[in-house]
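Below is one structure, written out as structure tokens; the observations come after it.
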Amino acid sequence: MAPVDVEAPPMENQLRNLVLSGHVGFDSLPDQLVSKSVQNGFVFNIMCIGETGLGKSTLMDSLFNTNFEAVPSPHTLPTVKLKAHTYELQESNVRLKLTIVDTVGYGDQINKEDSFKAIVDYIDAQFENYLQEELKIKRSLTTFHDSRIHVCLYFICPTGHGLKSIDLVCMKKLDQKVNIIPIIAKADTISKTELQKFKTKIVAELQNNGVHIYEFPVDDESVAEVNGTMNSHVPFAVIGSTDFVRVGNKMVRARQYPWGTVQVENESHCDFVKLREMLIRTNMEDMREKTHCRHYELYRRKRLEQMGFSDVDADNKPISFQQTFEAKRSNHLQELQQKEDEMRQMFVVRVKEKEAELKEAEKELHAKFDKLKKDHTDEKKKIEDSRKKLEDEIVEFNRRKAQYQQMGTSHHTLTLGKSKKK
Ligand SMILES: Nc1nc2c(ncn2[C@@H]2O[C@H](COP(=O)(O)OP(=O)(O)O)[C@@H](O)[C@H]2O)c(=O)[nH]1
Ligand SMILES: [Mg+2]
Numbered sequence: 412m413a414p415v416d417v418e419a420p421p422m423e424n425q426l427r428n429l430v431l432s433g434h435v436g437f438d439s440l441p442d443q444l445v446s447k448s449v450q451n452g453f454v455f456n457i458m459c460i461g462e463t464g465l466g467k468s469t470l471m472d473s474l475f476n477t478n479f480e481a482v483p484s485p486h487t488l489p490t491v492k493l494k495a496h497t498y499e500l501q502e503s504n505v506r507l508k509l510t511i512v513d514t515v516g517y518g519d520q521i522n523k524e525d526s527f528k529a530i531v532d533y534i535d536a537q538f539e540n541y542l543q544e545e546l547k548i549k550r551s552l553t554t555f556h557d558s559r560i561h562v563c564l565y566f567i568c569p570t571g572h573g574l575k576s577i578d579l580v581c582m583k584k585l586d587q588k589v590n591i592i593p594i595i596a597k598a599d600t601i602s603k604t605e606l607q608k609f610k611t612k613i614v615a616e617l618q619n620n621g622v623h624i625y626e627f628p629v630d631d632e633s634v635a636e637v638n639g640t641m642n643s644h645v646p647f648a649v650i651g652s653t654d655f656v657r658v659g660n661k662m663v664r665a666r667q668y669p670w671g672t673v674q675v676e677n678e679s680h681c682d683f684v685k686l687r688e689m690l691i692r693t694n695m696e697d698m699r700e701k702t703h704c705r706h707y708e709l710y711r712r713k714r715l716e717q718m719g720f721s722d723v724d725a726d727n728k729p730i731s732f733q734q735t736f737e738a739k740r741s742n743h744l745q746e747l748q749q750k751e752d753e754m755r756q757m758f759v760v761r762v763k764e765k766e767a768e769l770k771e772a773e774k775e776l777h778a779k780f781d782k783l784k785k786d787h788t789d790e791k792k793k794i795e796d797s798r799k800k801l802e803d804e805i806v807e808f809n810r811r812k813a814q815y816q817q818m819g820t821s822h823h824t825l826t827l828g829k830s831k832k833k
């Protein structure tokens, strides 16, 4: 390795522009990138938030021109549940792994205070999964199924009055975590003049409450103009349908009413085409990028800080990941050592206590034994005494018995002698 010149001027002063004298080939780099991306395929994850029956499933079918699911969700769930379904789609040679996350039961409970919680938890859990994969020694990020939510379509109920508090609270909780695109659902139920007022009101309410919604980027020249115009049409008023009607010689998605037909893809009927254009055709990559570089980055930073990692130390000096890790490790080891010492001391104290207890018990036992022994000796002595007394009495009795017997014999002889005399 060449020695580093400490006195060298800053990098930008060393840069020189050179003109190549022939074709080298690195102008194919963008093509290489495209070919690689096409080969790997793309991942896009959409979350639909909105009350049951607002037409979320129908709109997804209309957006991707397919039929995702047939079972409508019930209104009776006790809590909000998130259901994710992943589909492999292909258009020409581009493969898209699309995940649609539905918020089943959203807004169906009497107490709607915690409706957003399940959603926030779900979004965080996807970030956490990605972070854990990133932190692994053996990472496999290319095959890892990235389930981070790239866009959240927030379905606004077409009341014509403005946002409900559940809408504001939920969007506020999510605006630092995900790209939010608010849309007015079932826009065929609102008249043309009402719709404009409704849109203005929603935008004002979002602004007044400091809710940051996703803005289509205007820094890329090729899409700046269209994105700029589209930003002024948000929230898009959309219509979805699974039915088709014949218009001219074409079958188009539409909803038929007794008084007429509303066509989903007719720009004078609703903003569906604008939404599809912005969401799928123009800004899908930007949303993927913002998710990774802004929302995930924020999550990652917060989590690493929570774990005690930082780029600077207490004196605001740069500190490396390894230094922090080693400091944490030695801290941890110290804590462990301290805990071990404490436990050892406690053990010694407990052993001593137990020993004293045992000694006390032994003493008591000894005392009891001595007393028993003494009692036993006393008893034995008593019995011995009474035995002796009894023996003496037996001897006395035998002596007397012998005496009486003797006396008896001599008396008998005497009586015999007397009768002989008669
Ligand atoms: N008027 C009107 N009805 C719609 C629209 N989109 C869906 N619906 C109807 O609303 C009902 C509920 O739709 P669904 O997609 O199951 O709602 P989800 O519970 O939000 O998924 C169905 O009867 C749909 O036909 C729409 O744009 N306008
Ligand atoms: Mg549904």
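Numbered by our numbering, the letters in the sequence shown go through residues 412 to 833 in order. Heads up, the beta-carbon is just placed ideally off N, CA and C, and yes, glycines get one too.
- Residue environment for Asp-726: exposed (fewer than 16 other C-beta atoms within 10 angstroms of its C-beta).
- The closest heavy atom of ligand 2 lies 7 Å or more from the beta carbon of Asp-631.
- Contact between the region 510-524 and the region 458-471 is established, with three or more Cβ pairs separated by less than 8 Å.
- Taken through DSSP and simplified to helix, strand or coil, Val-449 comes out as helix.
- Closest in alpha carbon position to Lys-508, among Asn-424, Ser-526, Ile-560, is Ile-560.
- DSSP places Val-637 in the helix class (H, G or I) of the three-state scheme.
- Under the three-state reduction of DSSP output, Gly-671 falls in the strand class.
- The DSSP-derived three-state label of Phe-479 is coil.
- Beta-bridge partners of Glu-502 (DSSP): Val-505.
- With 16 or more neighbouring CB atoms inside 10 Å of its own CB, Ala-598 falls in the buried class.
- A heavy atom of ligand 2 is found nearer than 7 Å to the CB of Lys-467.
- Residue nearest to Val-505 within the set Phe-453, Met-582, Gln-717, Lys-547 is Phe-453 (criterion: CA-CA distance).
- Rounded to the nearest whole angstrom, the CA to CA distance from Asp-724 to Glu-746 is 21 Å.
- Bounds of any beta strand (DSSP E) do not take in Cys-581; it lies within the alpha helix (DSSP H) bounded by 576-585.
- A straight line joining the alpha-carbon of Gln-733 with that of Gln-748 spans about 22 Å.
- In the three-state scheme derived from DSSP, where H, G and I count as helix and E and B as strand, Lys-492 is classed as strand.
- If you draw a straight line from the Cα of Ala-635 to the Cα of Glu-626, it comes to about 11 Å.
- Between the alpha carbons of Glu-766 and Glu-773 lies a distance of about 10 Å.
- A distance of 8 Å or more separates the beta carbons of Leu-617 and Ile-592.
- By the beta-carbon neighbour count (other beta carbons within 10 angstroms, threshold 16), Met-718 is exposed.
- For Arg-664, the closest of Gly-671, Ser-652, Asn-809 by C-alpha to C-alpha distance is Ser-652.
- Excluding the 5 residues flanking it on each side, Lys-612 has same chain C-beta neighbours closer than 7 Å at Gly-573, in chain order.
- Nearest in C-alpha terms to Lys-492, of all of Leu-474, Ser-439, Ile-534, is Ile-534.
- Beyond the five residues adjoining it in sequence on each side, Asp-557 comes within less than 7 Å, by CB distance, of Val-454, Tyr-541 in the same chain, given in chain order.
- Taking 4 residues as the shortest admissible run, the region 427-473 contains the following complete alpha helix (DSSP H) segments, listed from N- to C-terminal end: 440-451.
- Short note on Asp-513: C-beta closer than 7 Å to some heavy atom of ligand 2.
- Here the region 680-694 makes no contact with the region 547-554; the two share fewer than three CB pairs at distances below 8 Å.
- Contact between Asp-519 and Leu-488 holds: CB atoms are separated by about 6 Å, below the 8 Å threshold.
- Residue range 708-717 is occupied by the alpha helix (DSSP H) that includes Arg-712, with no beta strand (DSSP E) assigned at that position.
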